[in-house]
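> Going by the working numbering, the first residue of the sequence shown is number 37, and it counts up by one from there.
Glycine included, every Cβ here is placed at the ideal spot set by N, Cα and C.
Predicted, not measured: the structure shown is a model, and the values here were computed from it.
Could you have a look at this structure, given as structure tokens, before my questions?
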Amino acid sequence: MTHAPVRDVVIVGGGTAGWMTAAYLTAAFGDRINITLVESADVGTIGVGEATFSDIRHFFEFLGLAERDWMPACNATYKLAVRFEDWREPGHHFYHPFEQLRSVKGFPLTDWWLRYPTSDRFDVDCFVMASLIDGNRSPRYLDNRLLEQDFVEGEAAPNTIAEYQGAQFPYAYHFEAHLLAKYLTKYATQRGVRHVVDNVVDVGLDERGWLSHVRTAEHGQLDGDLFVDCTGFRGLLINKALEEPFVSYQDTLPNDSAVALQVPMDMDKDPIRPCTTATAQDAGWIWTIPLISRIGTGYVYARDYMDPEEAERTLRAFVGPAAADVPANHIRMRIGRSRRSWVNNCVAIGLSSGFVEPLESTGIFFIHYAIEQLVKYYPAADWDRTLREQYNNALMNVMDGVREFLVLHYRGAKRADNQYWRDTKTRAIPDALGERLELWESKVPDTGTVYPRYHGLPPYSYNCILLGTGGIPVRPSPALDLIDEKAALAEFQAVKDKARSLVRTLPTQNAYFKRMRDGV
37 MTHAPVRDVV IVGGGTAGWM TAAYLTAAFG DRINITLVES ADVGTIGVGE
87 ATFSDIRHFF EFLGLAERDW MPACNATYKL AVRFEDWREP GHHFYHPFEQ
137 LRSVKGFPLT DWWLRYPTSD RFDVDCFVMA SLIDGNRSPR YLDNRLLEQD
187 FVEGEAAPNT IAEYQGAQFP YAYHFEAHLL AKYLTKYATQ RGVRHVVDNV
237 VDVGLDERGW LSHVRTAEHG QLDGDLFVDC TGFRGLLINK ALEEPFVSYQ
287 DTLPNDSAVA LQVPMDMDKD PIRPCTTATA QDAGWIWTIP LISRIGTGYV
337 YARDYMDPEE AERTLRAFVG PAAADVPANH IRMRIGRSRR SWVNNCVAIG
387 LSSGFVEPLE STGIFFIHYA IEQLVKYYPA ADWDRTLREQ YNNALMNVMD
437 GVREFLVLHY RGAKRADNQY WRDTKTRAIP DALGERLELW ESKVPDTGTV
487 YPRYHGLPPY SYNCILLGTG GIPVRPSPAL DLIDEKAALA EFQAVKDKAR
537 SLVRTLPTQN AYFKRMRDGV
């Protein structure tokens with residue numbers, strides 16, 4: 037029986053991480069395991085996890101949820117890209133889209149663009165999505181058909197990150213994180229998850245130093261075999277009870293604070309831009325996330341360069357009169373990861389596992405990926421350490437890889453108009469990234485020169501950041517001078533033609549979501 041899987045799972049903490057975990061595990065294992073989720077009514081959500089990777093669609097597919105099931109309940113909208121404003125210089129912007137980069141004669145279109153630029157906008161010339169976002173277009177027609185792209189959709193499509201090896205899906209989502217948690221609470225409890233609303237007052241350890249139970253104020257002792265720590269930056273189980281060290285990324289990513297506002301909007305009047313916007317500021321950047329009922333916005337900044345009061349004033353001035361009576365939420369962020377995310381019989385998922393600043397919307401991606409890995413390496417009663425080690429390596433690699441990618445944004449930013457931005461050019465960077473930067477100056481990133489372990493970012497993402505931020509010189513491949521350029525120029529024209537056609541025929545996000553919410 038030592039090879040029988042463990043049966044009793046206790047999830048400590050709710051929010052997005054806790055309820056995504058509970059919902060996914062019950063979808064994966066049904067009533068073959070017993071799940072208890074305990075959360076405090078006194079602990080609020082962080083409130084910044086409102087944008088996602090396109091991989092999140094696999095999560096909803098795995099749960100058997102269609103967009104019409106959950107999107108209206110979560111005030112969700114589509115996200116086709118991240119729009120970066122003022123990272124190169126004031127007034128400049130570029131997109132990092134969800135779109136497979138085309139290639140011609142074995143070279144990516146971005147490489148051809150460096151040699152034969154058809155305009156000063158690589159994103160418009162190389163990707164269709166840039167024009168769709170500028171037109172505030174939905175990626176779906178009013179009859180729910182997906183825009184024409186190279187990927188698979190339908191019942192036969194894979195529904196986990198690990199299975200999916202196809203082309204880039206064209207969009208992700210924005211949603212209200214607390215509404216998603218509420219929706220998943222109902223989903224999970226209807227399928228047998230026990231929900232305990234109470235404060236954890238003590239964590240019990242056995243003679244081995246493994247977790248034996250958590251004690252609550254009103255419901256007493258909750259016993260389990262496997263404990264999942266979803267307690268956020270507190271790391272109640274993984275860091276406090278088990279004393280697992282925290283590995284800080286602060287030396288390379290100094291932004292450690294945020295102030296957030298929830299600004300009302302009227303979807304009947306205000307256009308819903310289908311992207312997350314990251315606007316560079318004097319000590320960090322401001323996110324803008326358009327939802328159905330409001331704009332989620334916040335200033336991510338480094339306290340070494342700006343105090344919270346000045347950050348809030350800057351954010352309110354950025355938003356304008358609509359922010360006048362909106363309360364601000366100040367957040368202190370812990371940037372880095374637990375050394376190991378699985379220790380003994382405790383698995384940390386969400387902020388207790390690790391977090392990098394939300395520049396590329398990786399927070400919910402980390403949660404989703406961790407849950408999939410937990411299912412993949414789910415333990416038996418013998419607690420095979422090899423499973424734990426593989427899980428820990430996967431989580432370490434994905435977070436360290438994203439760290440490198442985010443550092444590239446700052447090192448690559450041409451902006452250098454104050455001390456904060458000048459310091460981004462001299463601050464320490466991961467050693468391997470330094471080696472890669474030397475390679476990329478001679479050849480745009482490809483599968484052989486980006487961070488080699490899975491971290492959710494394909495080579496084209498690195499191309500977008502290098503070409504968009506503009507601070508690192510990148511040269512076209514010398515071979516392109518020896519290859520007939522006609523096919524590449526034809527591909528540029530094909531991108532332009534397709535973009536023009538889609539902008540003409542696709543509805544706006546406002547029109548699409550009005551139809552969805554009306555139940556048509």
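In the DSSP assignment, find the alpha helix (DSSP H) that holds C500 and state where it starts and stops.
The residue you call residue 500 lines up with position 464 of the sequence shown. Counting along the chain, the alpha helix (DSSP H) containing C500 begins and ends at P495 to T505.
> What span of residues does the beta strand (DSSP E) with T313 cover, start to end?
Position 277 of the sequence shown, counted from the first residue, corresponds to residue 313. T312 to Q317 is the extent of the beta strand (DSSP E) around T313.
> So what does C110 bridge to, in DSSP terms?
Translated into the one-based positions of the sequence shown, residue 110 becomes position 74. DSSP, once it has assigned bridges, lists no residue as partnering C110.
> Is E125 helix, strand or coil by DSSP?
Numbered from its first residue, the sequence shown carries residue 125 at position 89. In this structure, E125 counts as coil in the three-state DSSP scheme.
> Using beta-carbon positions only, say whether L431 and S377 come within less than 7 angstroms of one another.
The count along the sequence shown starts at 1 and reaches residue 431 at position 395. The count along the sequence shown starts at 1 and reaches residue 377 at position 341. Yes; because the gap between Cβ atoms is below 7 angstroms, this pair is in contact.
> Is the Cβ-Cβ distance between D482 and P466 less than 7 angstroms?
Here the question's residue 482 lines up with position 446 in the sequence shown. Here the question's residue 466 lines up with position 430 in the sequence shown. Their beta carbons are not under 7 angstroms apart, which means D482 does not touch P466 by this criterion.
> On the premise that A58 lies in contact with V229, defined as a C-beta separation below 8 angstroms, what is that separation, rounded to the nearest angstrom?
Position 193 of the sequence shown, counted from the start, is the residue given in the question as residue 229. Position 22 of the sequence shown, counted from the start, is the residue given in the question as residue 58. V229 to A58, Cβ: 5 angstroms. Contact.
> Between R104 and V233, what straight-line distance do the alpha-carbon atoms span, to the nearest angstrom?
Counting from 1 along the sequence shown, the entry for residue 104 is found at position 68. Counting from 1 along the sequence shown, the entry for residue 233 is found at position 197. Those two C-alpha atoms are separated by around 29 angstroms.
> Am I right that L351 and T333 are in contact with their C-beta atoms under 8 angstroms? What's the rounded C-beta distance?
Residue mapping note: residue 351 aligns to position 315 of the sequence shown, counting from 1. Residue mapping note: residue 333 aligns to position 297 of the sequence shown, counting from 1. Their Cβ separation, rounded to whole angstroms, is 7 angstroms, which keeps L351 and T333 in contact under 8 angstroms.
> Kindly indicate which three-state DSSP category F96 falls into: helix, strand or coil?
Taking the first residue of the sequence shown as 1, we reach residue 96 at position 60. Of the three classes helix, strand and coil, the one that applies to F96 here is helix, per DSSP.
> Where do the N-terminal and C-terminal ends of the beta strand (DSSP E) with R138 fall, by residue?
Here residue 138 refers to the residue found at position 102 of the sequence shown. Neither: R138 is in no beta strand (DSSP E) and is coded neither H nor E.
> So the candidates are N380, F143 and L178; which of them puts its Cα closest to the Cα of A243?
Sequence index remark: in the sequence shown, residue 243 carries index 207 (1-based). The displayed chain sequence assigns Glu, not Ala, to residue 243. Nearest C-alpha to E243: N380.
> Who are the Cβ neighbours of D459 in its own chain at under 6 angstroms, not counting the five residues just before and after it?
Along the sequence shown, one-based indexing puts residue 459 at 423. Nothing listed; no residue qualifies.
> May I ask which residues mark the beginning and end of the alpha helix (DSSP H) holding H214?
For the purposes of this step, residue 214 is taken as the residue at position 178 of the sequence shown. That run of the alpha helix (DSSP H) goes A213 to Q226.
> Classify P133 as buried or exposed, calling it buried when 16 or more other Cβ atoms lie within 10 Å of its own Cβ.
Locating residue 133 in the sequence shown gives position 97, counting from the first residue. It counts as buried.
> Distance, Cα to Cα, Q317 vs G256?
Walking along the sequence shown from the start, residue 317 turns up at place 281. Walking along the sequence shown from the start, residue 256 turns up at place 220. Going from the Cα of Q317 to the Cα of G256 covers about 49 angstroms.
> Pull up the distance between the alpha-carbon of N291 and that of Y337, whole angstroms please.
Position 255 of the sequence shown, counting from 1, holds the residue named residue 291. Position 301 of the sequence shown, counting from 1, holds the residue named residue 337. Distance between the alpha carbons of N291 and Y337: 5 angstroms.
> If you follow the beta strand (DSSP E) that R326 is in, where does it begin and where does it stop?
Taking the first residue of the sequence shown as position 1, residue 326 is located at position 290. Note on identity: in this sequence residue 326 is Pro, with Arg being the wrong assignment. First-last of the beta strand (DSSP E) with P326: G320 to P326.
> How would you write the range of the alpha helix (DSSP H) that V355 sits in, first residue to last?
Within the sequence shown, the letter at position 319 stands for residue 355. Taken as a continuous stretch (DSSP letters only), the alpha helix (DSSP H) holding V355 covers P344 to V355.
> Is it buried or exposed for G356, if we count other Cβ within 10 angstroms and need 16 for buried?
Within the sequence shown, the letter at position 320 stands for residue 356. Exposed is the call here.
> Hey, is the stretch 360-367 in contact with the stretch 285-299, meaning 3+ C-beta pairs nearer than 8 angstroms?
Judged by Cβ distances under 8 angstroms, the stretch 360-367 makes contact with the stretch 285-299, as three or more pairs qualify.
> Shortest alpha-carbon distance to A360 belongs to which of R349, V239 and V283?
Within the sequence shown, numbered from 1, the residue matching residue 360 stands at position 324. That would be R349, whose Cα lies nearest to the Cα of A360.
> Would you mind sorting E425 into buried or exposed? The rule is 16 or more other CB atoms within 10 Å of its CB.
As a first step, residue 425 is located in the sequence shown; it is residue number 389 there, counting from the start. Counting Cβ neighbours within 10 Å, E425 comes out exposed, since fewer than 16 surround it.
> Going by C-alpha to C-alpha distance, which of P415, K461 and F528 sits closest to S155?
Here residue 155 corresponds to residue number 119 of the sequence shown, with the count starting at 1. Considering only alpha carbons, the answer is F528.
> Please report how far the alpha carbon of H129 lies from the alpha carbon of S497, in whole angstroms.
Here residue 129 corresponds to residue number 93 of the sequence shown, with the count starting at 1. Here residue 497 corresponds to residue number 461 of the sequence shown, with the count starting at 1. Going by the C-alpha atoms only, they are around 16 angstroms apart.
> In whole angstroms, what is the alpha-carbon distance linking G437 and E254?
For this step, residue 437 is matched to residue 401 along the sequence shown. For this step, residue 254 is matched to residue 218 along the sequence shown. Each residue's alpha carbon lies about 42 angstroms from the other.
> Apart from the five residues on each side of it in sequence, which residues of its chain come closer than 7 angstroms, Cβ to Cβ, to L475?
Against the sequence shown, residue 475 aligns to sequence position 439. Contacts found: T485.
> Please report the straight-line C-alpha distance between V140 and T462, rounded to a whole angstrom.
Walking along the sequence shown from the start, residue 140 turns up at place 104. Walking along the sequence shown from the start, residue 462 turns up at place 426. Approximately 36 angstroms, taken between the alpha carbons.
> I think C382 touches I274, with their Cβ atoms under 8 angstroms apart; what is that distance to the nearest whole Å?
Residue mapping note: residue 382 aligns to position 346 of the sequence shown, counting from 1. Residue mapping note: residue 274 aligns to position 238 of the sequence shown, counting from 1. That belief holds up - the Cβ atoms of C382 and I274 are roughly 6 angstroms apart, short of 8 angstroms.
> Looking at the structure shown, is C382 part of a helix, part of a strand, or coil, going by DSSP?
Reading the sequence shown from its first residue, position 346 is the one you call residue 382. Of the three classes helix, strand and coil, the one that applies to C382 here is strand, per DSSP.
> Just checking I322 against the ligand SAM - is the residue's beta carbon closer than 6 angstroms to any of the ligand's heavy atoms?
With respect to small molecules bound, the structure shown includes none, and the ligand SAM cannot be examined in it.
> Helix, strand or coil: which one does DSSP assign to S478?
Position 442 of the sequence shown, counted from the start, is the residue given in the question as residue 478. Coil.
> Could you tell me which uninterrupted alpha helix (DSSP H) segments, each at least 4 residues in length, are contained entirely in the stretch 50-90, listed from first to last along the chain?
As far as the stretch 50-90 is concerned, its whole alpha helix (DSSP H) runs of at least 4 residues are 51-65.
> Taking all protein chains shown into account, do 16 or more other C-beta atoms lie within 10 angstroms of the C-beta of T88, making it buried, or fewer, making it exposed?
Numbered from 1 along the sequence shown, position 52 holds the residue referred to as residue 88. The residue in question, T88, is buried, as its Cβ has 16 or more Cβ neighbours within 10 Å.
> Provide the residue span of the beta strand (DSSP E) that contains N365, from first to last.
The count along the sequence shown starts at 1 and reaches residue 365 at position 329. First-last of the beta strand (DSSP E) with N365: N365 to R368.
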